[in-house]
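For the sequence shown, this note's numbering begins at 1 and goes up steadily by one. Cβ coordinates follow ideal geometry from the N, Cα and C atoms, glycine included. Written out below as structure tokens is the structure these notes cover.
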Amino acid sequence: MLRSILILTGLVFPMLLVAQENDSTILIGSEFITDQLENISSSTDLSIDYSDLLEDYLYYKENPISVNGDNAHKLVDLFLINELQLNNIHQYISDYGSIRSQAELSAVEGFDRGIIEKISPFISFSAKEKRNNYHFKDIFKYGRHRFIVRYSQILEQSLAYKLPKDSAEYYPGKRYLGSPQKYYARYSFDFNKKVKSGFTLEKDAGETITRSSLSDSTKMLIGDKISPISDFLSAYIYLSDIKFLKKIIVGDYHLEFGQGLTLWSGLSFGKSADATLIKKYGRGIVPNTSVNENRFMRGGAVSLGFNKLEISGFYSTNNIDANIMVTKPEGSELISGLVETGNHRTINELLDRKVMKVQSFGGDISFKSNKLSIGITGIHNVFGLSFSQSGEVYKKFYFQGNQLTNAGLHFTFNHKSMRFFGEASGSGKQGISALIGTNLFIGNRVVLSSLYRNYSKDNYNLFNNPFREGSSSRNEKGIYLGIKILPIPKVSIDGYADFVSFPWIKYGVSFPSKGTEYLLQINYSPIRDLNIYLRLKTEHKSKNYNGDFDFTPQTADYSKRSFRIHSNYVLFNSLSFKNRIEILVYEKTNNKEYGYLFYQDINFHPDNLAFSLNLRYAIFSTDGWDSRIYAYENDVLYAFSVPAYYDKGQRFYLNIKYSLSNRFDLWLRIARSAFRDKKHIGSGADIIQGKHKTEVKVQAKVKL
Numbered sequence: 001m002l003r004s005i006l007i008l009t010g011l012v013f014p015m016l017l018v019a020q021e022n023d024s025t026i027l028i029g030s031e032f033i034t035d036q037l038e039n040i041s042s043s044t045d046l047s048i049d050y051s052d053l054l055e056d057y058l059y060y061k062e063n064p065i066s067v068n069g070d071n072a073h074k075l076v077d078l079f080l081i082n083e084l085q086l087n088n089i090h091q092y093i094s095d096y097g098s099i100r101s102q103a104e105l106s107a108v109e110g111f112d113r114g115i116i117e118k119i120s121p122f123i124s125f126s127a128k129e130k131r132n133n134y135h136f137k138d139i140f141k142y143g144r145h146r147f148i149v150r151y152s153q154i155l156e157q158s159l160a161y162k163l164p165k166d167s168a169e170y171y172p173g174k175r176y177l178g179s180p181q182k183y184y185a186r187y188s189f190d191f192n193k194k195v196k197s198g199f200t201l202e203k204d205a206g207e208t209i210t211r212s213s214l215s216d217s218t219k220m221l222i223g224d225k226i227s228p229i230s231d232f233l234s235a236y237i238y239l240s241d242i243k244f245l246k247k248i249i250v251g252d253y254h255l256e257f258g259q260g261l262t263l264w265s266g267l268s269f270g271k272s273a274d275a276t277l278i279k280k281y282g283r284g285i286v287p288n289t290s291v292n293e294n295r296f297m298r299g300g301a302v303s304l305g306f307n308k309l310e311i312s313g314f315y316s317t318n319n320i321d322a323n324i325m326v327t328k329p330e331g332s333e334l335i336s337g338l339v340e341t342g343n344h345r346t347i348n349e350l351l352d353r354k355v356m357k358v359q360s361f362g363g364d365i366s367f368k369s370n371k372l373s374i375g376i377t378g379i380h381n382v383f384g385l386s387f388s389q390s391g392e393v394y395k396k397f398y399f400q401g402n403q404l405t406n407a408g409l410h411f412t413f414n415h416k417s418m419r420f421f422g423e424a425s426g427s428g429k430q431g432i433s434a435l436i437g438t439n440l441f442i443g444n445r446v447v448l449s450s451l452y453r454n455y456s457k458d459n460y461n462l463f464n465n466p467f468r469e470g471s472s473s474r475n476e477k478g479i480y481l482g483i484k485i486l487p488i489p490k491v492s493i494d495g496y497a498d499f500v501s502f503p504w505i506k507y508g509v510s511f512p513s514k515g516t517e518y519l520l521q522i523n524y525s526p527i528r529d530l531n532i533y534l535r536l537k538t539e540h541k542s543k544n545y546n547g548d549f550d551f552t553p554q555t556a557d558y559s560k561r562s563f564r565i566h567s568n569y570v571l572f573n574s575l576s577f578k579n580r581i582e583i584l585v586y587e588k589t590n591n592k593e594y595g596y597l598f599y600q601d602i603n604f605h606p607d608n609l610a611f612s613l614n615l616r617y618a619i620f621s622t623d624g625w626d627s628r629i630y631a632y633e634n635d636v637l638y639a640f641s642v643p644a645y646y647d648k649g650q651r652f653y654l655n656i657k658y659s660l661s662n663r664f665d666l667w668l669r670i671a672r673s674a675f676r677d678k679k680h681i682g683s684g685a686d687i688i689q690g691k692h693k694t695e696v697k698v699q700a701k702v703k704l
């Protein structure tokens, strides 16, 4: 084993070429996106879909952003550059005039050849963005269509499919009613980004879209909970930039305003190794293209622009998943909690499907100038059933009732080398939450960032997503400090420290608690085609545990320390390599767990051939679940994979794309995990007998 590791370690690995629409690696032109995917996966069991962001990458690949124009900040929105690099671009243009070429961009501090090549598919050097002078009469002539279908399946059969189908009522939480295949279909139309429309269909593994195979008693039990064609359907029609009409949408959409504290239903990021990227850039009204089945708006929204003033309004009515409890002796139905998994495989999951109607309306009024942006945001929700406060102590300050109003004030202010941003928000008579942050540029080699947040324990919000440490945006206070330094050419240093406290108890922690998290990363690019980074990360937090003789959970501190070395190497245009070694130590109550992960990737994408491929071989070993390690994996277009590597074993995946023509592409992905000394994999309904688990995906895309 050691000899194999040494041989593989002799290889080093790739900068992903985002110019290829090879797979979802188009999202990770920077390590920022990879970090976010891994961080979010480590803190939630929910499936994360970043299709909305991928849509922007695909658009700006065909419609590049001018580094000299007013929209250069969109490069930060897309996480292609950081605040320091954007500031250096503005400073260079102020001193020397427009940037005219990649060679001249390399003269701007913070832009080496590797970074320029990474962002080159998305940038231009024109004085302003190129505008296509199309008219609406050209909509069908120049509009672009894209249609994608996908099949995926775990080949090994889990317990949920082995139980007799006619026993579903005896195992309402274990027996899956549908087949193990997962199906996905997606259509999109785009005309110069002025007219967009599309729909998404999805059936998850274990879900059924037909009642014919169910017993009569099961049919009576679940009623009309099964939808034909697909379990999930989303669609929209979107228009933009028609005189003062900035945006209008009918169908499913997201809302993103301010710093996410009052209203932000779309995707949102937090801490990462790019330590100063903490400010959010709200896109306002955005079409929903993801398969998150609950967290989106359904109805209509409009945004009007009058010079520096922008007014947005919306209305939404949607049925979402929730747990219902029946009170005694009244027999009233109340909501005890929301269900966000989007899974409707068992009788129990189907009974929770779309049980709560949510009507929402509100808007945002913002004034925007070069230095100052200030806005007021509000949303009012009417729920079809009332929220109930259950008996758990940690839920003492949870929302109760059937109507909820949230309102807030957000701002950004630029003054010389400083950027200020913040937001304050409240919900009716409940507490006030607030955050305020700064970015300070010291010359063109250093940027300092800070963010203070104070989220009230009783400020409930269904549609927000601010910077935070915990799983919700309440009951949290914290100070975040970040720094980025460019000390010498070819070297950059990032670091952050986050100090957080939870004034009230929360799920999994029976006492008020505190935590700290530190990260240091050193990036080194000795030559154009090689990038290496070294990362140290440590965190100290609290959680409950049950000892051998404990009748009630005890709360204890734990620490997690990790060390990572990661390298990217481009051998030549069509062949690149990437490898990573990560070691993790988890310690709690005199008990230590150790884990390590080593992987080697090969990316082959020849320009003169019709196919391209990515493959990975990984070796991993952890002492338990607490010492698991997450790592992003290449996947087919619009699919995302960030598995947890745990226990002891090996993992392999192969991702192949074949282009039959400029309009038709095929993908095949095979991933397999093989464990040592295991008799089964997984738990509960998903338990698989054996030592291995294999997933297959097949996808086709047609462009017209």
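Run of the beta strand (DSSP E) containing Leu409, from where it starts to where it stops | Gly401 to His415
Own chain, CB closer than 6 Å to Lys678, minus 5 neighbours either side, in chain order | Lys691
How many angstroms separate the CA atom of Glu83 from the CA atom of Ile581?
-> 29 Å
Near Ser124, what residues of its chain come up, given a Cβ to Cβ distance below 6 Å and the 5 sequence neighbours on each side ignored?
-> Pro64 and Ser66
According to the Cβ coordinates, are Asn294 and Ile335 closer than 8 Å?
-> no
Would you decide whether Val291 is buried or exposed? Buried here means 16 or more other CB atoms lie within 10 Å of its CB.
-> buried
Determine which residues share a DSSP beta bridge with Leu486 and list them.
-> Answer by DSSP bridge pairing: none, since Leu486 is not bridged.
Residues bridged to Thr317 [DSSP beta-bridge criterion] = Gln359
Within its chain, find whatever has a CB closer than 6 Å to the CB of Ser188; leave out the 5 residues flanking it on each side and keep chain order.
-> Arg146 and Gly198
Cβ-Cβ distance between His605 and Ser641 below 8 Å = no
Reduced DSSP category for Ala685 - H, G, I as helix; E, B as strand; rest coil = Here Ala685 carries a helix assignment [DSSP, helix/strand/coil].
Could you check where the beta strand (DSSP E) with Phe502 kicks off and where it finishes?
-> Val491 to Phe502
If you draw a straight line from the alpha carbon of Thr34 to that of Asn459, how long is it in whole angstroms?
-> When rounded, the distance between both Cα atoms is 31 Å.
Is the CB-CB distance between Tyr594 and Val585 below 8 Å?
-> yes
What is the DSSP secondary structure of Val642, reduced to helix, strand or coil?
-> coil
Give me whichever residues DSSP pairs with Trp667 in a beta bridge.
-> Trp667 is bridged to Lys657 and Gln699.
For Leu304 and Gly428, the rounded distance between their alpha carbons = 27 Å
Roughly how far, in whole angstroms, is the beta-carbon of Ile505 from the beta-carbon of Tyr658, given that I think they are within contact range, below 8 Å?
-> Going by Cβ atoms, the distance from Ile505 to Tyr658 rounds to 54 Å, so no, they are not a contact pair.
Whole beta strand (DSSP E) runs in the region 180 to 266 with 3 or more residues, listed along the chain?
-> 181 to 191, 195 to 203, 232 to 242 and 245 to 256
Counting Cβ pairs closer than 8 Å, one from the region 651 to 671 and one from the region 602 to 620, do we hit at least three?
-> The region 651 to 671 vs the region 602 to 620: in contact.
What separation, rounded to the nearest whole angstrom, lies between the Cα atoms of Val250 and Lys193?
-> Each residue's alpha carbon lies about 16 Å from the other.
Hey, which unbroken runs of the beta strand (DSSP E) at 3 residues or more fall wholly within the region 575 to 615?
-> 575 to 588 and 591 to 604
Close Cβ partners of Val491 (< 6 Å) along its chain, the five nearest in sequence each way excluded | Tyr524
With DSSP as the reference, label Ala764 as helix, strand or coil.
-> The question about residue 764 has no answer, for the chain in this structure spans 1 to 704.
How would you label Thr289, buried or exposed, when you count the other beta carbons within 10 angstroms and need 16 or more for buried?
-> buried
Note down the Cα distance separating Val698 from Asp70, rounded to an integer number of angstroms.
-> In a straight line, the C-alpha of Val698 is about 41 Å away from that of Asp70.
Along the alpha helix (DSSP H) that carries Gln430, what are the first and last residues, could you check?
-> Going by DSSP, Gln430 is part of no alpha helix (DSSP H) at all; its letter is neither H nor E.
Would you report the Cα separation of Ser713 and Ile154, rounded to the nearest angstrom?
-> Examination of residue 713 is not possible in this model, given that the chain is present from 1 through 704 alone.
Three or more beta-carbon pairs under 8 Å between the region 379 to 386 and the region 400 to 411, yes or no?
-> yes
Quick one: is Gln157 buried, meaning 16 or more other Cβ sit within 10 Å of its Cβ, or exposed?
-> exposed
DSSP-derived helix/strand/coil call for Pro121 | helix
CB-CB under 6 Å to Ser268, same chain, minus the five flanking residues each way: which ones, in chain order?
-> Gly260 and Asn465
Supposed contact pair Met220 and Leu255 - C-beta distance, whole angstroms, cut 8 Å | Contact doesn't hold; Cβ gap of about 39 Å is too wide.
Span separating the alpha-carbon of Arg676 from that of Ser152 | Cα to Cα, Arg676 sits roughly 26 Å from Ser152.
Thinking C-alpha only, which one of Phe511, Leu520, Arg345 and Arg528 is nearest Pro553?
-> Phe511
Neighbour-count burial assignment, Lys271, 16 or more Cβ in a 10 Å radius | buried
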